[in-house]
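One structure below.
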Ligand code: SAH
Ligand code: SF4
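Numbering (our numbering), first residue to last: -13 to 391.
Take a look at the structure:
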């Protein structure tokens, strides 16, 4: 009989497991606290559990984290770990310390099948979904490792926020994601409030609706384009779930949590999606609309825009928008009364910035092949990049530069 890895089980599942062992369900809470709050990896550490129970657990269960392949630390304090998930795959997790918080960026899949043009993970193709245990093991490992390293007082958390913004599309791995989110929010686990856990999605509409009903954490939507023509090209999932459906899902997500807002992420690509016209189109997209063809109009969406300076990687053929362009774009959105921030680039000296996570992926799909074969279509005619492509040269890749406020 193979041992059950208890990292795979949320408290409900752990209670069922305890019952199977002939134990009371409440033992699960004790066990859960030992594992997630205190970072125990051996049953012998759990001194307030009867020895007979510890022995029983030792024969039937284990607490098995993932192997760490490497750890890299950036000059700005960002730390990136590469975890072995077997079968030649490895995923990345990034810790980003800030004055008032510690954020962990967690992966949900080995690779990603969505295949966004500007994303390094997308270019690698897809191997497999991570299990609940593999998702939560990233937090388990980072939290307890960092507590030791920073000598944190007993019980004081280092990680205050989790963002599902590592490798993979979390809403294409919903079954494994949901228990992991519950473990993050559980008071006997990591005790994070639902506003401090963010799921970022490229727009898997039906699953946005499920998440709203099952576990309405903070939602970030990777928009990147203000119209279907451009978004189809940048985020291929848009062909399945076009913008009007995505925005309707955002509205219905907020209907359940009216005091919340959606964060729209927008990766700024030079000459592609960064024009003044794009900014005005974005404003129109989230504004209330009047009645259309006799149908009731849509309400405005409570949102924030987060502009992400593109983090380049060689195969993308894309360039980061100049800083002044990003600022001008932000100003248009702000003048339209939309809260807009520009994301600081963190950890780019160790390839830990947004979109640079590549891990190790054994591509089982044809995404990688398709991406290398497909011509880059997204360059605006006449842009320097487009001219470079026409002339048969690779477009110039901008070097990662200093953090921007
Ligand atoms: N699959 C999810 C979450 C992972 S990506 C999603 O797409 O939302 C996390 C964020 O990084 C997304 O907003 C994504 O669009 C952005 N991103 C991807 N590649 C990037 C790059 N090269 N530079 C900057 N941001 C990037
Ligand atoms: Fe996948 Fe997100 Fe990267 Fe798109 S941006 S390829 S959805 S990880």
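Just so it is clear, CB atoms sit at the ideal spot from N, CA and C, and this is done for glycine as well.
- For residue 126, the enclosing alpha helix (DSSP H) stretches over residues 118 to 135.
- Remark: the C-beta of residue 104 is in contact range of the ligand SAH, defined as less than 7 Å to any heavy atom.
- Bounds of the beta strand (DSSP E) holding residue 290 are 289 to 295.
- Straight-line spacing of the CA atoms in residue 23 and residue 141 works out to 7 Å.
- Secondary structure within the segment 241 to 280: the beta strand (DSSP E) runs of 3 or more consecutive residues, fully enclosed, are 248 to 254 (chain order).
- In summary, residue 303 is buried, with 16 or more beta-carbon neighbours lying within 10 Å of its beta-carbon over all protein chains present.
- Less than 8 Å divides the Cβ of residue 57 from the Cβ of residue 65.
- Excluding sequence positions up to five before and after residue 218, its CB lies within less than 7 Å of the CB of 224, 225, all in the same chain and listed in chain order.
- The Cβ-Cβ distance between residue 339 and residue 333 falls below 8 Å.
- Beta-bridge annotation (DSSP): residue 95 is paired with 115.
- In this structure, residue 357 keeps its C-beta atom at 8 Å or more from the C-beta atom of residue 152.
- As the crow flies, the alpha-carbon of residue 213 is around 55 Å from that of residue 7.
- If you check the CB distance, residue 206 and residue 249 come in under 8 Å.
- For residue 68, the enclosing beta strand (DSSP E) has its first and last residue at 65 to 72.
- When the five nearest sequence neighbours on each side are left out, the beta carbons in the same chain lying within less than 7 Å of the beta carbon of residue 168 are those of -4, 201, in order along the chain.
- Nearest neighbour of residue 315 by Cα position, chosen from 252, 129, 273, 275, turns out to be 252.
- Taking the CA atoms as reference points, residue 116 sits about 7 Å from residue 96.
- Per the Cβ contact rule, the segment 131 to 149 is in contact with the segment 180 to 191 (3 or more Cβ pairs under 8 Å).
- Collapsing the DSSP output to three states places residue 138 in coil.
- Taking the Cα of residue 342 as reference, the smallest distance to any Cα among 323, 313, 300 is reached at 300.
- Rounded to the nearest whole angstrom, the CA to CA distance from residue 131 to residue 335 is 22 Å.
- By the neighbour-count criterion, in which 16 or more other beta carbons inside 10 Å mark a residue as buried, residue 172 falls on the buried side.
- Its chain contains 1, 4, 5 as the residues whose beta carbon lies nearer than 7 Å to that of residue 11, once the 5 sequence neighbours on both sides are disregarded; these appear in chain order.
- Assignment of residue 310 by DSSP, reduced to helix, strand and coil, places it in the helix class.
- For residue 75, the enclosing beta strand (DSSP E) begins and ends at 75 to 84.
- Between residue 155 and residue 191, the CB-CB gap reaches or exceeds 8 Å.
- DSSP places residue 188 in the coil class of the three-state scheme, outside both helix and strand.
- Shown here, residue 333 sits in coil according to DSSP, grouped into three states, outside any helix or strand.
- In this structure, residue 271 places its C-beta atom within 8 Å of the C-beta atom of residue 233.
- Nearest Cα to residue 51 within the set 31, 255, 122: 122.
- The secondary-structure analysis by DSSP pairs residue 57 across a beta bridge with 67.
- Judged by DSSP secondary structure, residue 326 falls within the beta strand (DSSP E) whose first and last residues are 325 to 328.
- When the beta-carbon positions are compared, residue 353 and residue 112 come within less than 8 Å of each other.
- About 6 Å separates the beta carbon of residue 40 from that of residue 30, a gap short enough to meet the 8 Å contact definition.
- Within a 10 Å sphere around the beta-carbon of residue 285 sit fewer than 16 other beta-carbons, which makes this residue exposed.
- Taken in chain order, the whole alpha helix (DSSP H) runs of length 4 or more contained in the segment 201 to 225 are 214 to 220.
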